[in-house]
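Under the UniProt record's numbering, the first residue of the sequence shown is numbered 1, with each subsequent residue one higher.
Since the structure comes first, as structure tokens, the remarks are kept for the end.
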Amino acid sequence: MQKRYMTGLCRRRSDSMKKADLSAVKVWRIANAIWTGILLVLLIAVIVVRSLFFSWLPVSVLYGFGALIVLQIIWFIWLEPLIAYRTHQYEIKSTELVIQSGILVKKKTVIPFVRIQNVETQVGPIMKRFNLKSVEVTTAGGGVQIELISVAEADRIKKLVDEAVVQLERRTL
Numbered sequence: 001m002q003k004r005y006m007t008g009l010c011r012r013r014s015d016s017m018k019k020a021d022l023s024a025v026k027v028w029r030i031a032n033a034i035w036t037g038i039l040l041v042l043l044i045a046v047i048v049v050r051s052l053f054f055s056w057l058p059v060s061v062l063y064g065f066g067a068l069i070v071l072q073i074i075w076f077i078w079l080e081p082l083i084a085y086r087t088h089q090y091e092i093k094s095t096e097l098v099i100q101s102g103i104l105v106k107k108k109t110v111i112p113f114v115r116i117q118n119v120e121t122q123v124g125p126i127m128k129r130f131n132l133k134s135v136e137v138t139t140a141g142g143g144v145q146i147e148l149i150s151v152a153e154a155d156r157i158k159k160l161v162d163e164a165v166v167q168l169e170r171r172t173l
């Protein structure tokens, strides 16, 4: 597995690279909204505990927490899913799988089919609602994921990579 790092924010993808499904933005937003909701509940708990037991704690600390929640909503629920959608890309070539991801630091991973040990598809409850899957490709050096693609595309990639690996194994025997 070969990794290449490139700097830049939202570089244009090449025409041969494919992106995640458009509904991936909704899935990322829902997942991030759940975490933001958990943080909001914790903030409310801090406000209640402060008012009951720690009245000496300055209110400005609570304003700081509130500002962080607002920033979290702006970045993680609105901006980050859009940018991630534009930057997560993949390409299946004749002998290798290329996955490119990253927002501030672009990471390009090139996996030759010869190195692939296992290919799995994963689906979570939110992904299932939007008919999306992720494909996880495992090598001896670790694994990578093609995130949030359509079910048909995920099954096609899994089948294609499995067939390519089997063909390469037959050639070496």
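From the three backbone atoms N, C-alpha and C, an ideal C-beta is built for every residue, glycine too.
With distances taken from CA atoms, which of A140, Q122, L132, Y90 is nearest L22?
L132
Pick out whichever of L39, A140, Q122 has its Cα sitting closest to the Cα of D155.
Q122
Below 8 Å on the Cβ atoms is my guess for I73 versus T36; work out the distance and round it to an integer in Å.
6 Å
Starting from the Cα of E91, find the closest Cα among L168, V166, I146 and give me that residue.
I146
Going by the DSSP bridge assignment, what does L97 pair with across the sheet?
I92, I111
Does the Cβ of F113 have 16 or more other Cβ atoms within 10 Å, making it buried, or fewer, making it exposed?
buried
Any heavy atom of the ligand FAD closer than 6 Å to the Cβ of G142?
Looking at this structure, you won't find the ligand FAD or any other ligand, since it has none at all.
N32 beta carbon less than 7 Å from that of I77:
yes
Relative to the alpha-carbon of K159, which residue among E120, V144, T172, I126 has its alpha-carbon at the smallest distance?
E120
Burial state of T87 (16 or more Cβ within 10 Å):
buried
Please name the residue in S94, L97, I83, G124 whose C-alpha comes closest to that of L104.
I83
Please classify S101 as buried or exposed, where buried requires at least 16 neighbouring CB atoms within 10 angstroms.
buried
Which residue marks the beginning of the alpha helix (DSSP H) containing G66, and which one marks its end?
59-72
Would you tell me roughly how many angstroms separate the C-alpha atoms of residue 174 and G141, rounded to the nearest one?
Here the chain comprises residues numbered 1 to 173, so residue 174 is not present and cannot be evaluated.
Can you tell me the Cα-Cα spacing of V165 and I116, whole angstroms?
7 Å
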